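Following: one structure in structure tokens, then a few remarks.
Protein chains: 4
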Amino acid sequence: MSARTALFVPGPTNVPDAVRRAMDIPMEDHRAPDFPDFVLPLLQDLKRVFKTRSGQVFVFPGSGTGGWEAAITNTLSPGDKVLAARFGQFSHLWIDLCQRHGLDVEVIDVAWGEGTPVERFAERLAKDASHAIKAVLVCHNETATGVTSDVAAVRRALDASEHPALLCVDGVSSIASIDFRMDEWAVDLAVAGSQKGFMLPAGLAMVGASPKALEAAKAATSHRCYFDFADMIRTNKDGYFPYTPATTLLRGLRASLDLLEAEGLENVFARHRRLAEGVRKAVAAWGLSLCAAHPRWHSDTVSAVCVPESVDANEIVGLAYRRYGLSLGVGLSKVAGKVFRIGHLGHLNELMVLTALAGSEMAMRDAGLAVAPGSGVAAAQEHFRETATPRARAAAA
Amino acid sequence: MSARTALFVPGPTNVPDAVRRAMDIPMEDHRAPDFPDFVLPLLQDLKRVFKTRSGQVFVFPGSGTGGWEAAITNTLSPGDKVLAARFGQFSHLWIDLCQRHGLDVEVIDVAWGEGTPVERFAERLAKDASHAIKAVLVCHNETATGVTSDVAAVRRALDASEHPALLCVDGVSSIASIDFRMDEWAVDLAVAGSQKGFMLPAGLAMVGASPKALEAAKAATSHRCYFDFADMIRTNKDGYFPYTPATTLLRGLRASLDLLEAEGLENVFARHRRLAEGVRKAVAAWGLSLCAAHPRWHSDTVSAVCVPESVDANEIVGLAYRRYGLSLGVGLSKVAGKVFRIGHLGHLNELMVLTALAGSEMAMRDAGLAVAPGSGVAAAQEHFRETATPRARAAAA
Amino acid sequence: MSARTALFVPGPTNVPDAVRRAMDIPMEDHRAPDFPDFVLPLLQDLKRVFKTRSGQVFVFPGSGTGGWEAAITNTLSPGDKVLAARFGQFSHLWIDLCQRHGLDVEVIDVAWGEGTPVERFAERLAKDASHAIKAVLVCHNETATGVTSDVAAVRRALDASEHPALLCVDGVSSIASIDFRMDEWAVDLAVAGSQKGFMLPAGLAMVGASPKALEAAKAATSHRCYFDFADMIRTNKDGYFPYTPATTLLRGLRASLDLLEAEGLENVFARHRRLAEGVRKAVAAWGLSLCAAHPRWHSDTVSAVCVPESVDANEIVGLAYRRYGLSLGVGLSKVAGKVFRIGHLGHLNELMVLTALAGSEMAMRDAGLAVAPGSGVAAAQEHFRETATPRARAAAA
Amino acid sequence: MSARTALFVPGPTNVPDAVRRAMDIPMEDHRAPDFPDFVLPLLQDLKRVFKTRSGQVFVFPGSGTGGWEAAITNTLSPGDKVLAARFGQFSHLWIDLCQRHGLDVEVIDVAWGEGTPVERFAERLAKDASHAIKAVLVCHNETATGVTSDVAAVRRALDASEHPALLCVDGVSSIASIDFRMDEWAVDLAVAGSQKGFMLPAGLAMVGASPKALEAAKAATSHRCYFDFADMIRTNKDGYFPYTPATTLLRGLRASLDLLEAEGLENVFARHRRLAEGVRKAVAAWGLSLCAAHPRWHSDTVSAVCVPESVDANEIVGLAYRRYGLSLGVGLSKVAGKVFRIGHLGHLNELMVLTALAGSEMAMRDAGLAVAPGSGVAAAQEHFRETATPRARAAAA
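Following this line, the structure appears as structure tokens:
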């Protein structure tokens, strides 16, 4: 009998008990007359997490990948030019998806460990006087490398050129965990998934669309039906869906939004930052470095830890899983074997982070890495003690 | 405090406790080294429910509509001609989806209440010497009217003309409840959803593809990525998925397959037939008729009951829901207000059917319909008593 | 695969989903500093269900039998004389328990089907000038026969003689379902269990004690420790318990009290009465009679249905269970084989009652009883339709 | 939103997900004809955990305290002399319970931190030529001080004097976690609770009784009914209970026994020992000592850690709970404020122990104790790494 696996992949994340209970329900009729009493406030409250008032957020049964597809097929047409940077597995995959839908993606490759190259985007946009570029893609948080990009800066670059391209953001591993401001940054399309900061099982793709994106949807000729915004707009307004929604996940989303609201979004972000900082202190204490090449790119939801060439990071992940029941993330694609990843997002507190660090230390030592036992734990402990919130201090007084 | 709503819409259906428990789990890493130990047998066993050995079944996070989309975008190209019949809301919607994906659908409209017009299909196929028709769509069980079509007969029509068109079947409300034989009928694409006979919440689209369909996929140029078979084929073979799967639903699917296996698929079909026959006896006892125009079209998973013009069927459904906590299905589109629907599929036994009938009787009387109280219940009771299985009789001896 | 058994024994009763979810929680420390924030309001609110302000309600891990034991061992001493009537299995068992604790029980046997013989109690008490009788036991609702006794009348009998005996009431199958007024009737000890009107699993014994009972506890010499009131009084006042409490059931009790409060206790009683009346209409329509010998004894929580001598009631119960998945109550002891029992308490609505009736009809017919199919269902349906509450009517309008 | 409290009190313990799911079920009829199919093997398998073939194990709705009461009221009579040692809060409470049931307890007080004084017991028994002592009480694992006593040695002492006294053992925090051999040690009464090694919520008292104890029960005159063995014997043999059992906990017990069986009892004991040793290494690394005065008394289920006089142990526990969501055990009675307790029993692995240690370190430092950050964690980590089982090593290879 082994205890429950300790889950520290960067998604799916741990589901709070309250959310789990909210989903453990009998089935219900999604066409019932009182179903809208549930749906309408849900969709409204969801907008707050995207920080949008003017936009609309659509919820599809699907995964984040489905969200990417919804965002571009609703607003672009085959042949449209799109500007994107590739610096990790997930920025790569979105580009791939665009290409498979017939878009003409202009790819800027940058080193894995860096983020969106804002200056190069700015240059490129400035040169695009004919506005051939119809959309700019930004991966807000590259889950493969633990890199957070500066979306606001991309918006500034667009504005500097008065460029009308749609600003499309992959917020799958940022929204609800890292500050994201759809309206303030004039993001046109924002994609999220249920299994990250929303603390739900995988199964919901959420896409925020600005009025400009909705206008673009009217002219876009990409074929679409399952992910069509128009069907959602027509039915959502009355509290229904164009086809059977994933009601258990929607009920869970209600509980998730309630938890986020109760803690306060800004507190949620601060908690992620503080816990992530504990992980970073530990990595430093281990004498290791992050894949993220500069502190300005440090992700508050996932840390990709580089290991010396002498060691296979996959072995660390395997040992952690098999020997200690600790689920860490492997390195993907270009950084396979070179990094292991600690997910630190969603339903998380100090003790959980320390658990991940303690287990990582054992697995690293088992794999032959000479980190000092307890060193990372100690560094994180002291960080957590020094930064305990006044509320926690008061409560504990 | 009202008791749990009695759910008798034709999907989502009641989730067995064992399935519900199987889904109430902590999250897990879908890239874990032992995840394939779970996935590989699951996908294998799922094929048995589709009754295919030569085909492959794909499981997407999505709904049945997503399954329709997957089936056609993977195997057809914009401009391809498709033959389909429209005789209810769901056969209509699939046609609509095809059109939105740029297919050229030749629609044969037949009366709602009838099924796939096999003779007309046969004639049309026979005339299509150039094989312009690339696919034939069949809605195996039209949920809107309670009509089951004869898929085997469509196959015979294709064979009679030696026509190479793909045979695409919507089995959303038939597979796992009504006999469906993918290999024997040489069905090329079979679409199912989790929330019907599989007794799960909505959220999984399942698509069976024959070797011929998989071959067609290589040439089909419809844009696709989220629902792409190729990514699934590449990753499923090792027990993984191209993106985060809906693991809780997959765990539930495991429990569902185990239940279906334990009962035996043929017994599951027989149970559905026997329970449906009880409903039909009740409808007759009420002096009412079914929307299905002929017994050969009687659906064993849903009955659409026609009400006299003097009464609004929607009012019956509303009264049942609000006054007695009974969830029935409304009539959709052309038959709105003219029929109410009793779903009788999935996790169901005699007592549950009687509950639906007893509640329907009250609601019909409340709405002014002069059915005799208890009449339908009595007819069904006697049917159930007379047809109690030998096993039940023995157990009760 | 058979569907969930339909549970219509007179306890355990069906647990509402909200209560079930409230119990599906991680364990917690019952000595935690914030545990009293949960316990103190819980115990306070529980008193409202007993309708007591002056008394105290104790909650023990245990069953109703434990509650009987707590009530008498805390307040009486070996050799004490107790007056009780025996008219069913549960009144019998409480007498037996008293005897095993060394009490001198004066038993008045009355026919099973009758209730507490108030006049004979009154006579006996009037004659007891020396007040040798220390306690009077009343089984408020005899679950074996479906008989509700008049507790208020027993109080009047005591008052008429100015008799100081403690009034001890078994309210296991009445409290929270049938009107019970601890303070108004000056009940000194009131015993309840979790698995009846409180809609919880078995596992909690609840005992209400009046100030007079608590005073008597100081002098009572019966040995006791596990069920000792004094330890509870000492610890409950701060929100704790003398030993590890059954926290999951306490969390469920919180949800149960919230449901009772939301519906309103008087509405709960009215609902039970209305649903019970539906059962009684059905029994009459079947041409059968209740074990309860007079309408004034009709229980609103359980009906014991007499069957003709030609039929074995146990066979009906067995057939219902094995053939249709319907759980009815067998006759116990003296009425074994002569009655079957339908429990109609707790989390229940009209459809659920009709389910029980429909299944009973089939089982009775299977057992050879010539009740007309649908007859009982029809009688209950019409009763439910005629007595639909204005709120239900309005909601359904 | 805080994450789930990390529970490290010495009971209730963490409930495995499989057990939790097994209890999340609809209610059932405990008089159903197939209920014995569940009960009979359950009671049989439970005996294996007590390591008894000749004895019988009774399961009562109740807590461990109820188990104590059952053990002595069934087998002893008021005035009977009983020998017991007091060296912690729980050994104290059992003595208190005996006294309240009229037994004449001869108490040997030893220092808290020591265990059962076997030599003094041996002396006393040797002197008791008249066999006035009817029972000897042994607290196998004193939860208040983290002390495990040597039950086999007490048996040897009894045998050495050929003394017929019953050997009564409180195994509440040992059985299913620490080796306990009812038959081999000729234990006559063994008391366990559900919320410790059985990994269930509180609510079940389990009492093993030897044939000799059952024989004694026939003559014992202590009043009893709720906890009467005889009623259990009469009904258990057919798979039933004398009153409504706590069926959800029984279903959970089935899952718990299955987990224990799957791991293997001896492996369960070895796991507890190894994890406990990790805690002890940590305590040593902190420069602190255990309450248990000698290694032979070290408990493998709970460690009571002594803190210097300058610090209030309660403050550490309070800080851990309020600031970090870590539930530790406070010191009770004589050792209040002097020790804090880490429960390490039940559903537990290395990472969970490290979590408790990491949190304890932070709380100790917050309270002003100068333990080195990470020091205890490091000591335990290295112990766990060095003692990883061959199976774990192989699995991870």
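Protein chains in written order, with the working numbering: chain A, 7 to 403; chain B, 7 to 403; chain C, 7 to 403; chain D, 7 to 403. Ideal placement from N, C-alpha and C gives every residue a C-beta, glycine not left out. Predicted model, so just to flag it, every value in this text is computed and none were measured.
Item to complete: Over the uninterrupted alpha helix (DSSP H) stretch that includes Gln95/A, give me the two end residues.
Response: As a first step, residue 95/A must be located in the first sequence, where it is residue number 89. That run of the alpha helix (DSSP H) goes 95 to 106.
Item to complete: Decide if Ala225/D is buried, meaning its Cβ has at least 16 other Cβ atoms within 10 Å, or exposed.
Response: In the fourth sequence, residue 225/D corresponds to position 219, counting from 1. Classification of Ala225/D: exposed, given that the 10 Å Cβ count is below 16.
Worksheet item: Residues of chain D with CB under 7 Å from Asp488/C, in chain order?
Response: The shown model of chain C, from 7 to 403, leaves out residue 488/C, and the question about it has no answer.
Practice prompt. Mark Gln419/C as exposed unless 16 or more other C-beta atoms lie within 10 angstroms of its C-beta, in which case mark it buried.
Written response: In this structure chain C extends from 7 to 403, so residue 419/C is not present and cannot be described.
Worksheet item: In angstroms, rounded to a whole number, what distance separates the CA positions of Gly61/B and Leu195/B?
Response: For this step, residue 61/B is matched to residue 55 along the second sequence. For this step, residue 195/B is matched to residue 189 along the second sequence. If I take the Cα positions, the gap works out to 9 Å.
Worksheet entry | Per-residue DSSP class, three states only, for Met7/C | As a working mapping, residue 7/C is identified with position 1 in the third sequence. Confidence in Met7/C is poor, its pLDDT being 48 and thus under 50, which makes the residue's placement too unreliable to answer from.
Worksheet item: Would you report the Cα separation of Thr361/D and Gly380/D, rounded to the nearest angstrom?
Response: Counting from 1 along the fourth sequence, the entry for residue 361/D is found at position 355. Counting from 1 along the fourth sequence, the entry for residue 380/D is found at position 374. Between Thr361/D and Gly380/D, the C-alpha separation is close to 11 Å.
Item to complete: Enumerate in chain order the residues of its own chain whose CB-to-CB distance from Ala132/B is below 6 Å, with the five nearest sequence positions on each side excluded.
Response: By 1-based counting over the second sequence, the position of residue 132/B is 126. The answer, listed in chain order, is Ser167.
Worksheet item: For chain C, is any of its Cβ atoms less than 9 Å away from the one on Ser366/D?
Response: Working through the fourth sequence from its first residue, we reach residue 366/D at position 360. Cβ-Cβ to chain C under 9 Å: no for Ser366/D.
Discussion item. Counting C-beta neighbours from all protein chains within 10 Å, is the total for Leu353/A 16 or more, i.e. buried, or is it exposed?
Written reply: On the first sequence, position 347 is the one that residue 353/A refers to. At residue 353/A the sequence reads His, which differs from the Leu that was named. His353/A should be labelled buried.
Worksheet item: Excluding sequence positions up to five away, which residues of its chain have a Cβ less than 7 Å from the Cβ of Ala219/D?
Response: For the purposes of this step, residue 219/D is taken as residue 213 along the fourth sequence, with counting starting at 1. Taken in chain order, the residues that qualify are Thr81, Leu172, Asp194, Leu195.
Practice prompt. Kindly indicate which three-state DSSP category Met205/B falls into: helix, strand or coil?
Written response: As a first step, residue 205/B must be located in the second sequence, where it is residue number 199. Note: Met205/B maps to coil in three-state DSSP.
Discussion item. Suppose you measure from the CA of Thr254/A to the CA of Phe96/C; what does that come to, to the nearest Å?
Written reply: Position 248 of the first sequence, counted from the first residue, corresponds to residue 254/A. Position 90 of the third sequence, counted from the first residue, corresponds to residue 96/C. Answer to the nearest angstrom: the Cα atoms are 43 Å apart.
Worksheet item: What is the DSSP secondary structure of Val45/A, counted as helix, strand or coil?
Response: As a first step, residue 45/A must be located in the first sequence, where it is residue number 39. It is helical.
Worksheet item: Based on the DSSP output, what are the partners of Cys145/C in its beta bridges?
Response: Along the third sequence, read from residue 1 onward, the residue named residue 145/C stands at position 139. Note: Cys145/C sits in a beta bridge opposite Asp176/C.
Discussion item. Within 10 Å of its beta-carbon, does Ser339/B have 16 or more other beta-carbons around it, so buried, or fewer, so exposed?
Written reply: As a first step, residue 339/B must be located in the second sequence, where it is residue number 333. Ser339/B comes out exposed.
Worksheet item: Given 8 Å as the limit, is there contact between the region 15 to 28 of chain C and the region 254 to 264 of chain C, that is, 3 or more CB pairs closer than that?
Response: yes
Worksheet item: Tell me which same chain residues have a C-beta within less than 6 Å of the C-beta of Gly214/D, skipping the five on either side of it?
Response: Position 208 of the fourth sequence, counting from 1, holds the residue named residue 214/D. Phe56, Thr58, Gly61, Val63, Met188, Ala196.
Worksheet item: How would you label Asp40/C, buried or exposed, when you count the other beta carbons within 10 angstroms and need 16 or more for buried?
Response: Walking along the third sequence from the start, residue 40/C turns up at place 34. Label assigned to Asp40/C: exposed.
Fill in: Proximity of Asp264/C and Asp30/D at Cβ, strictly below 9 Å
For the purposes of this step, residue 264/C is taken as the residue at position 258 of the third sequence. For the purposes of this step, residue 30/D is taken as the residue at position 24 of the fourth sequence. No, they are not a contact pair.
Discussion item. Given this structure, state the Cα-to-Cα distance separating Leu52/C from Ala252/B, to the nearest angstrom.
Written reply: Against the third sequence, residue 52/C aligns to sequence position 46. Against the second sequence, residue 252/B aligns to sequence position 246. Spanning the two alpha carbons is a distance of roughly 42 Å.
Worksheet item: In the DSSP assignment, what residue or residues form a beta bridge with Ile139/B?
Response: Within the second sequence, numbered from 1, the residue matching residue 139/B stands at position 133. Answer is Lys87/B, bridged to Ile139/B.
Worksheet item: Is the CB-CB distance between Ala128/C and Ala90/C below 9 Å?
Response: As a first step, residue 128/C must be located in the third sequence, where it is residue number 122. As a first step, residue 90/C must be located in the third sequence, where it is residue number 84. No, Cβ-Cβ distance for Ala128/C and Ala90/C is not below 9 Å.
Worksheet item: With 16 as the cutoff for other CB atoms within 10 Å, does Gly349/C come out buried or exposed?
Response: Locating residue 349/C in the third sequence gives position 343, counting from the first residue. When all chains shown are included, Gly349/C counts as buried.
Discussion item. For a test of the three-state rule: what should DSSP assign to Met188/C, helix, strand or coil?
Written reply: The residue labelled residue 188/C in the question sits at position 182 within the third sequence. Met188/C: coil per DSSP, three-state reduction.
Discussion item. Looking at the secondary structure, which residues open and close the beta strand (DSSP E) in which Val63/A lies?
Written reply: Locating residue 63/A in the first sequence gives position 57, where the first residue counts as 1. Where Val63/A is concerned, the enclosing beta strand (DSSP E) stretches over 62 to 67.
Worksheet item: Taking C-beta to C-beta, are Thr11/B and Ser333/B nearer than 9 Å?
Response: By 1-based counting over the second sequence, the position of residue 11/B is 5. By 1-based counting over the second sequence, the position of residue 333/B is 327. Cβ atoms of Thr11/B and Ser333/B: closer than 9 Å.
Item to complete: Rounded to whole angstroms, what's the CA-CA distance from Gly284/D to Thr393/D? Just pull it up for me.
Response: Position 278 of the fourth sequence holds residue 284/D. Position 387 of the fourth sequence holds residue 393/D. Approximately 10 Å, taken between the alpha carbons.
Discussion item. My output table needs one value for Trp292/B: the three-state DSSP class, helix, strand or coil.
Written reply: Along the second sequence, one-based indexing puts residue 292/B at 286. Three-state result, Trp292/B: coil.
Practice prompt. Compare the C-beta of Met358/A against all C-beta atoms of chain D and say whether one is closer than 9 Å.
Written response: For this step, residue 358/A is matched to residue 352 along the first sequence. Interface residue, yes.
Discussion item. Would Ala77/A and Cys174/A qualify as a contact pair, given that the criterion is a beta-carbon distance under 9 Å?
Written reply: As a first step, residue 77/A must be located in the first sequence, where it is residue number 71. As a first step, residue 174/A must be located in the first sequence, where it is residue number 168. Yes, the Cβ-Cβ distance between Ala77/A and Cys174/A is below 9 Å.
Worksheet item: Counting along the chain, where does the alpha helix (DSSP H) carrying Met5/A start and finish?
Response: Any question about residue 5/A goes unanswered here, given that chain A covers just 7 to 403.
Practice prompt. Please compile the residues from chain C whose C-beta is within a distance smaller than 8 Å of the C-beta of Asn147/D.
Written response: Here residue 147/D corresponds to residue number 141 of the fourth sequence, with the count starting at 1. The premise fails here: Asn147/D is roughly 15 Å from chain C at the closest Cβ pair, so nothing lies under 8 Å.
Fill in: C-alpha distance - Phe204/A paired with Cys145/D, whole-angstrom precision
Position 198 of the first sequence, counted from the start, is the residue given in the question as residue 204/A. Position 139 of the fourth sequence, counted from the start, is the residue given in the question as residue 145/D. C-alpha separation (whole angstroms): 48 Å.
Worksheet item: Given that Asp43/D touches chain B, what residues does it touch there, using C-beta distances under 9 Å?
Response: Working through the fourth sequence from its first residue, we reach residue 43/D at position 37. By Cβ distance, chain B contributes nothing, its closest Cβ being about 13 Å from Asp43/D, past 9 Å.
Worksheet entry | Proximal chain C residues relative to Asp244/A, where beta-carbon distance stays under 8 Å | If you number the first sequence from 1, residue 244/A lands on position 238. Chain C residues near Asp244/A: none, gap ~20 Å exceeds 8 Å.
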